[in-house]
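Following: one structure in structure tokens, then a few remarks.
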Amino acid sequence: MIEAKALTRRYAGRVAVRDLSFTVQPGEIVGLLGPNGAGKTTTLRMLAGVLRPESGTARIAGIDILADGLAAKRRLAFVADEPRFFDYLTVEEHVRFVARMHGVRDVAPHLEHLVEHTTVGARLAAFPSELSRGMRQELALACALVHEPAALMLDEPLTGLDPIAIRRTKDVVRAAAARGTAILLSSHLLHLVTELCERIVLLRQGESVAQGTIADLARARALEGRSLEELFVSLLADDTP
Amino acid sequence: MSDALAYLVARTVVNAARQMVRRLRQPRYLVTAVAGIGWLAFLGRAGLHPVHAADPAAALPAAALGVLVFVAWGWLFGTGARVLAFSPAEVTWLLPAPLARAGLVNLKLLRVQALVLLNSVLWVLLLPSADLAASLRRMVGIWCFLSILALHRIGAGLTRSRAAGSRWLRLVGAAVAGALVGLALLMASGMVTAPEQAEAWLAAPRMRVLLWPFTIPVRPAITVDAAAWWTALPPALLLLVLHFLWVHRAERAHEDESTLQSLARLDGSPGAAAATLRQGTAPIVRLSPTGSPALAIAWKNAAAVARRRGLAGAVLLWLVLCVVVELLARLDATAAAYIGAFAATWVGFVLLTGPQFIRNDLRHDLPHLPALRALPLRGHTLLAAEVASSAITLTALTAALTLVAYLGLRMSSDVPAWLRQWPALAGVLLALPGFSLMVMVVQNAGAVLFPEWTHLAGRTGSAAALGTNLLGVLMTMLGGAILLLPALVLLPYVPEPSGLAIVATGLMISIVALAECWLLVRWLGGRLERLELWEDLRT
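Chains as they are written, first to last, in the working numbering: chain A, 1448 to 1688; chain B, 85 to 623.
What follows is the structure, encoded as structure tokens:
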């Protein structure tokens, strides 16, 4: 489970996230939406233990990430927007490296899965500079899932991918959720969010504007049967400063 | 350091070595590697034949003074904290991983150690020793010395960063900086009024007490006698351990700021350059919406320099220096001449090595080459605009130093009369643009002909990197020598350098350089249009 409670963070006096609370249950996929600069990446980074919140708490599988960062990080995985790789580690070595960080002894099944189900599996000896964007995304996801995390956070995982890669990524995300992983993903591709996510958390200027299932939110605004894009615009149009 | 980080380091070293060996299959990179290894071999041979070495005891106070200046510089202007910023890959994989922060800091310090070890070996090769045991002792001493300096630089940088966010720490920092500046001025006044007695001045009891802490890291590096070395080593090692602990403690306090800097670098946002660029500043010159596209490239590159943090301070410092030297020249011509000679030496040094650190040209833009090539510009026009940017920067820097040199030397009777007249200044100022242009064209030719050259020059720790930097300096010297040939040919025909002849010579150097550079840039432009950069960098 992923729990954010009253999370707040400022950058040089400017509020990036303010008093943000929500939860993601095991096996649930929640979309974190909002316009650029709404605080999505900051929220994900705080939940992943990369950034320290100024106030509030972040819990991963019941463990407070501020109180026991290492224990919480053992149960989470974070795939950054445009993940960067080590120049001098091959594809296989990246998987082995991440496995070591999480104490996963048997890497072979993960490598086999990579070879059988992904395009990057055919390039195990390649360096990151030789991979396409889709392959890099596959590698990042494979590395993220190597320790079977209880919580998975994905920042813009589908942006810039071709249709085949998007399909594969969606399958991987759904399979992880089916295994009980709580998944929080941010994306601007609203039709894909509609397909993948049960609930959404909509941010604007660091604050939560709306939370709930897409159907409930649409019903509340008399937008049943309309696209998430229309709901998104409608929710953000209210009280726009 | 954790098992995983050890794996990361080991695989990185092995794969980087393999890539380097693979790259050497290409002759042009083999040449640079041979040059680097040849240079090391030359230094090694020089080291095996001891020459007259300076008396270590006599050198100790001066070396300690050097350490004091380094320390003061680190506290006043240091940016050592950036050394501990994480790379984008490290942010992606290490920060969300279950790894202790101390392990991550150690990983960064290990990278610093690689550089320190390389430098220790180089210095041992450079400095003569009696036997192998003495060489080993010296290497350990130099390693200890350089490690302390590196850690101090980082610790001071971290503490300064922390001070920036705290009012009372800012006040303490200002007080420390003020005290250090006062001390430096005190020392400078002593050195200036009696330069011939510098040695005695340094050996005075008060100075010995003041410099004593700064002798601790120096002693093992310069002590020749084995017994004295064993006595000098433990305090230096203790200082090293204390510095190590200090850096860890300072990093813990600075963790959030360090993470933010690393994230900014990962995002490639304007914040990525926050450490070096002033934010939200208007350009010095507004770019006209119409006109030559090449001018827009030069304007972009000039903005990169004009917006650097500390530029305004450096200009102010230079103005103050000019006024001080001018006043000093009226009071004490000899003292001013020392500053003038120092500035003149720096003009030569900056002309030779400046192209290695002034890189607001094609070398900086190389990663954006596909976008640049999509612009409606011919290769030679693009290259000319790029080269002009860094040449103007180098000219401005050397011209500023030249003016200080002139102000310092013009009242000195030890300097030939013709060199003290304004035509000498005008001649040099006229020659500088040509010379700067030439050395920058040489460097950018390297970027076009040896793209990996530019890539490697930013790295350290390999013979090929050493070779590329060395060849860069050699090519700069060669380019400069070719440029100066016409002037050297004409010089014997000028028995008594007259004002007009000096000005004409300066102008001629620039005109000849411009013509030579234009021809070279035309040819290189064609190569630039055909450059397959990414294939080259992937090998």
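Beta carbons: idealized from backbone N, C-alpha and C, even for Gly.
- Across the stretch 1488-1503 of chain A, CB contacts with chain B closer than 9 Å involve Thr1488, Arg1492, Ala1495, Gly1496, Val1497, Leu1498 and Arg1499, in sequence order along the chain.
- Shown here for Gly438 of chain B: same chain residues with a beta carbon closer than 7 Å to its own, the five before and five after excluded, namely Leu478 and Leu481 in chain order.
- Neighbours of Ala531 of chain B in chain A, taken as residues whose beta carbon is under 7 Å from its own, are absent, since the nearest beta carbon is some 19 Å off.
- In the three-state scheme derived from DSSP, where H, G and I count as helix and E and B as strand, Met1448 of chain A is classed as coil.
- Under the Cβ criterion of 9 Å, Pro451 of chain B is not counted among the residues facing chain A.
- Not flagged as an interface residue toward chain B: Phe1469 of chain A, since no C-beta distance is shorter than 9 Å.
- A distance below 8 Å between beta-carbons, with the five flanking residues on each side excluded, links Cys228 of chain B to the following residues of its chain, in chain order: Pro301, Pro304, Ala305, Leu317, Ala320, Leu321 and Leu324.
- When 8 Å is used as the limit between beta carbons, Ala1527 of chain A is near these residues of chain B: Val175, Thr176 and Leu350, in chain order.
- Under the criterion of beta carbons closer than 8 Å, Ala1591 of chain A and Ala1524 of chain A qualify as touching, at roughly 4 Å.
- The alpha-carbon of Val189 of chain B is positioned some 17 Å away from that of Phe1533 of chain A.
- Taking a beta-carbon distance threshold of 9 Å, Arg1461 of chain A does not count as an interface residue toward chain B.
- Excluding five sequence positions before and after Val200 of chain B, the CB atoms of its chain that fall closer than 8 Å to its own CB belong to Trp227, Leu230, Ser231 and Ala234, given in chain order.
- Using a Cβ-Cβ cut-off of 9 Å, Arg95 of chain B counts as an interface residue toward chain A, since at least one Cβ of chain A sits closer than that to its own.
- Within the stretch 333-347 of chain B, the residues whose Cβ lies closer than 8 Å to any Cβ of chain A are, in chain order, Glu339, Asp340, Thr343, Leu344 and Leu347.
- What Lys1520 of chain A touches in chain B, judged by beta-carbon distance under 7 Å, is Pro180, Ala181 and Pro182, going in chain order.
- Contacts with chain A at 9 Å (Cβ-Cβ) do not include Gln197 of chain B.
- Within the stretch 1538-1569 of chain A, the residues whose Cβ lies closer than 9 Å to some Cβ of chain B are Glu1540, His1541, Arg1543, Phe1544, Val1545, Ala1546, Arg1547, Met1548, His1549 and Gly1550, listed in chain order.
- Of all alpha-carbon atoms in A:Ala1657, A:His1638, A:Leu1586 and A:Gly1653, the one lying nearest the alpha-carbon of Ile1647 of chain A is that of A:Ala1657.
- When C-beta atoms of the stretch 525-535 of chain B are compared with those of the stretch 443-450 of chain B, three or more pairs fall below 8 Å, so the two segments count as touching.
- None of the residues of the stretch 297-325 of chain B has a beta carbon lying less than 8 Å from any beta carbon of chain A.
- Following the DSSP letters along the chain, one finds Ile1661 of chain A inside the alpha helix (DSSP H) bounded by residues Ile1661 to Ala1667.
- Boundaries of the beta strand (DSSP E) around Thr1470 of chain A: Arg1461 to Val1471.
- DSSP, read as helix, strand or coil, puts Ile226 of chain B in helix.
- In the displayed model, Ser1576 of chain A falls within a helix according to three-state DSSP.
- In this structure, DSSP gives Gly1627 of chain A a state outside helix and strand, which the three-state scheme calls coil.
- Per the Cβ contact rule, the stretch 1511-1528 of chain A is in contact with the stretch 1492-1503 of chain A (3 or more Cβ pairs under 8 Å).
- Its chain contains Gln505 and Pro507 as the residues whose beta carbon lies nearer than 7 Å to that of Gly583 of chain B, once the 5 sequence neighbours on both sides are disregarded; these appear in chain order.
- At a cut-off of 9 Å between C-beta atoms, Ser86 of chain B counts as an interface residue with respect to chain A.
- Counting only residues of its own chain and dropping the five nearest sequence neighbours on each side, Leu612 of chain B has a CB closer than 6 Å to the CB of Gly463, Leu467 and Val532.
- Taking 9 Å as the CB threshold, Asp1534 of chain A lines the interface with chain B.
- The beta-carbon of Asn190 of chain B is placed no less than 9 Å from the nearest beta-carbon of chain A.
- Between Trp159 of chain B and the set B:Leu242, B:Thr465, B:Pro172 and B:Phe298, the nearest pair of CA atoms involves B:Leu242.
- Taking C-beta atoms as the reference points, Leu1586 of chain A and Leu1599 of chain A fail to come closer than 9 Å.
- Using a CB distance cut-off of 9 Å, Arg1531 of chain A counts as an interface residue toward chain B.
- Under the Cβ distance rule, Phe1574 of chain A counts among the residues neighbouring chain B, one pair being separated by less than 9 Å.
- At least 9 Å separates the CB of Leu1513 of chain A from every CB of chain B.
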